[in-house]
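>
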Amino acid sequence: MKRIQRMKDALQEIIIGQDNVIDLTLVALFNGGHILLESVPGTGKTLLAKTFAQVINVDFQRIQFTPDILPSDVTELRFFHPQDQAFYLHKGPIFTNILLADEVNRATPKTQSSLLEVMQEQQVTIDGETHGIPAPFLVLATQNPVESQQGTYSLPAAQLDRFFLKIPMAYPAFEEERTLLQRHARQREHLPPPVLNADDILALQREVEGITIHRDVETYLLALVQETRTHSLLNVGVSPRGTIAWLRAAKGLAFIKGRAYVTPTDIQTIAPYAVAHRLLLSMEGYMTKSVEDILNEVLENVPVPVEEGSQR
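Per numbering that gives the first Met the number 0, the sequence shown starts with residue 0, numbered consecutively.
Following this line, the structure appears as structure tokens:
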């Protein structure tokens, strides 16, 4: 727990007013999952990714996606050397530990697909040869929720399902923004010294795998999943991949809170970030509700297990 607190202290020193985003990014990092960050420009997404990389002493790369970015721009570039009369491979920015995939919805579907495939497999196949991505590996993909549809390619449901968490990154609160102004006036932006390394993160990932869940709490999670699949206003509920991600995210949340077991509250708290982007509204649902409304209904409808065996 001390290691996690050292990380959080270092991150919060630089990233002002985004404590929840920091916690959720830790949950994803400790699970080897990837994040879709949704926010307007200027809220600190690049700083978040760079600071995380600095704090755990790993490599960082950034790709600014545009419609003319090709899959090979992400994965590799082959160039011909006239002196040697041979082709050489230059590995692309995907070969890093923390990747900021900025404005991923500006990339074409083909380029998006190539990125998401690497996220899933954590390896790249080039001319029949497989190249592994270094571990730990975290992709922070971003999109602007108020962007005009012109020049953008919305991620389809199957692609969204590959993101471990989807996190809104809001503006800082009034006093937090005052702190941001005061700090900016005193000094230029600087990054903190490393407090952990890649091996430490891999060890923490193994610890998260060991977090336990009582059978009753597991049954509660499965009941919630079934409720999403039968809800009249949803065309698509939580997939099996989503069920696993929901459990892993709840374990990660329990871990950063210093517990060795998952509670129903962990499952409820993480649901908007681990589940909402996996749900697809029906036509009637689009006209009457939001995904968040329906997820809240699901959480309200399923009885919560408690120690005494009674129900909410």
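Idealized CB from N, CA, C, for every residue including glycine. This structure is a prediction, so every number in the text was calculated from the model and none was measured.
How would you label residue 285, buried or exposed, when you count the other beta carbons within 10 angstroms and need 16 or more for buried?
Exposed.
> What distance in whole Å lies between the Cβ atoms of residue 121 and residue 136, which are believed to be in contact at a cut-off of 8 Å?
So it is a contact: roughly 6 Å between Cβ atoms.
> What's the call for residue 211, buried or exposed, on a 16-neighbour Cβ count within 10 Å?
Classification for residue 211: exposed.
> Count the CB pairs spanning the stretch 58-67 and the stretch 97-109 that are closer than 8 Å, and state whether there are at least three.
Contact between the stretch 58-67 and the stretch 97-109 is present, because at least three Cβ pairs lie under 8 Å.
> List the DSSP bridge partners of residue 101.
DSSP lists 63 as partners of residue 101.
> Taking Cβ to Cβ, would you say residue 268 is nearer than 8 Å to residue 168?
Not closer than 8 Å, so no.
> Under 8 Å, with one C-beta from each stretch per pair, do the stretch 169-183 and the stretch 205-219 reach the 3-pair mark?
Touching, no, given that fewer than three Cβ pairs across the two stretches are closer than 8 Å.
> Decide yes or no for the touch test of the stretch 287-294 against the stretch 240-249: beta carbon pairs closer than 8 Å, at least 3 of them.
Contact fails: fewer than three Cβ-Cβ distances are below 8 Å.
> On the CB-based measure, 16 or more other CB atoms within 10 Å of its CB, does residue 38 come out buried or exposed?
So residue 38 counts as buried.
> Which one of 116, 124, 183 and 191 has the shortest CA to CA distance from residue 49?
Nearest option by C-alpha distance: 191.
> For residue 309, count the other beta carbons within 10 Å of its own beta carbon; 16 or more makes it buried, fewer makes it exposed. Which is it?
Low confidence applies to residue 309: its pLDDT is 37, below 50, so where it sits in the model is not reliable, and the reading given next is rough at best. Exposed.
> Do residue 124 and residue 69 count as a contact pair if the criterion is CB distance below 8 Å?
No, the Cβ-Cβ distance between residue 69 and residue 124 is not below 8 Å.
> Per the DSSP calculation, residue 122 is bridged to which residue(s)?
Residue 122 pairs with 131.
> Taking Cβ positions, are residue 46 and residue 13 nearer each other than 8 Å?
Against a cut-off of 8 Å, the Cβ pair of residue 13 and residue 46 comes out as a contact.
> Tell me the rounded alpha-carbon separation between residue 194 and residue 127.
Going by the C-alpha atoms only, they are around 39 Å apart.
> Measure the beta-carbon distance from residue 270 to residue 298 and round it to whole angstroms, keeping in mind my assumption that it falls under 8 Å.
That belief holds up - the Cβ atoms of residue 270 and residue 298 are roughly 7 Å apart, short of 8 Å.
> Apart from the five residues on each side of it in sequence, which residues of its chain come closer than 6 Å, Cβ to Cβ, to residue 44?
Only 36 and 141 meet the Cβ criterion.
> Shortest alpha-carbon distance to residue 275 belongs to which of 241, 261 and 171?
Looking at the Cα atoms, 241 is the closest of the given residues.
> How many angstroms separate the CA atom of residue 225 from the CA atom of residue 265?
Cα-Cα distance, rounded: 18 Å.
> Less than 8 Å separating the beta-carbons of residue 304 and residue 215?
Yes, the pair counts as a contact, with Cβ atoms nearer than the cut-off.
> Can you tell me whether residue 166 is helix, strand or coil according to DSSP?
It is a strand residue.
> Rounded to whole angstroms, what's the CA-CA distance from residue 74 to residue 138? Just pull it up for me.
Those two C-alpha atoms are separated by around 14 Å.
> Identify, in the order they occur along the chain, each residue of the same chain with its Cβ nearer than 6 Å to the Cβ of residue 25, setting aside the five sequence neighbours on each side.
Counting only Cβ-Cβ distances below 6 Å, and skipping sequence neighbours, we find 255.
> Mapping the DSSP letters down to three states, classify residue 89 as helix, strand or coil.
Looking at residue 89 - three-state DSSP - the assignment turns out to be strand.
> For residue 209, is the classification buried or exposed, using 16 other Cβ atoms within 10 angstroms of its Cβ as the cut-off for buried?
Exposed: under 16 other Cβ atoms inside 10 Å.
> Does the beta-carbon distance from residue 115 to residue 51 come in below 8 Å?
No, Cβ-Cβ distance for residue 115 and residue 51 is not below 8 Å.
> DSSP state of residue 298, grouped into three classes?
Helix at residue 298.
> Tell me residue 140's beta-bridge partners as DSSP assigns them.
Paired residues: 35 and 100.
> Name, in chain order, the residues that DSSP records as bridge partners for residue 280.
In the DSSP output, where bridge partners are listed per residue, residue 280 has 233.
> Are the CB atoms of residue 199 and residue 277 within a distance shorter than 8 Å?
No, the pair does not count as a contact, with Cβ atoms beyond the cut-off.
> Give a yes or no on whether the C-beta atoms belonging to residue 30 and residue 204 are separated by under 8 Å.
Going by C-beta atoms, residue 30 is nearer than 8 Å to residue 204.
> What did DSSP end up calling residue 171 once you bin it into helix, strand or coil?
In the structure shown, residue 171 sits in coil (DSSP, three-state: anything other than H, G, I, E or B).
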